[in-house]
Amino acid sequence: MACENANDFDYRLVNDETGLKDAISELKGKIAERNTLLAVDCEGDSLSRKGALTIITVATEEKVFMFNTCAEIRITRIQQQCMDLANFLKTNLVRTMR
């Protein structure tokens, strides 16, 4: 599915615990549907072990979630949710490939 312009997407800024839970739940639901494209991008200052991660963007074909790591959400909570999502992806991709 090609995007005609940026207005075709529903953008969500995730900057609190409730938004984080909702976004992860929605992303897991899209992944469970199969045949869903998922894009991930990270932004920050000198991205490395010593650098600062400021924004994690995860997009499906319809929605874009921008996780603000500088907001009130603790970075460890975002990292844990992302690891949970990565494990969910890995598990579902292995099942699909078999």
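In terms of my numbering, the sequence shown opens at residue 13 and continues consecutively.
Every residue, glycine too, gets a C-beta built ideally from N, C-alpha and C.
Keep in mind it's a predicted model, so treat the numbers as computed, not measured.
- Just measuring C-alpha positions, the residue of D22, V76 and T81 sitting nearest D57 is T81.
- From the listed residues L65, E38 and T66, the smallest Cα separation to E73 is found for E38.
- Partner residues in the beta bridge of A64, as assigned by DSSP, are D57.
- In the displayed model, D22 falls within a strand according to three-state DSSP.
- In summary, L32 is buried, with 16 or more beta-carbon neighbours lying within 10 Å of its beta-carbon over all protein chains present.
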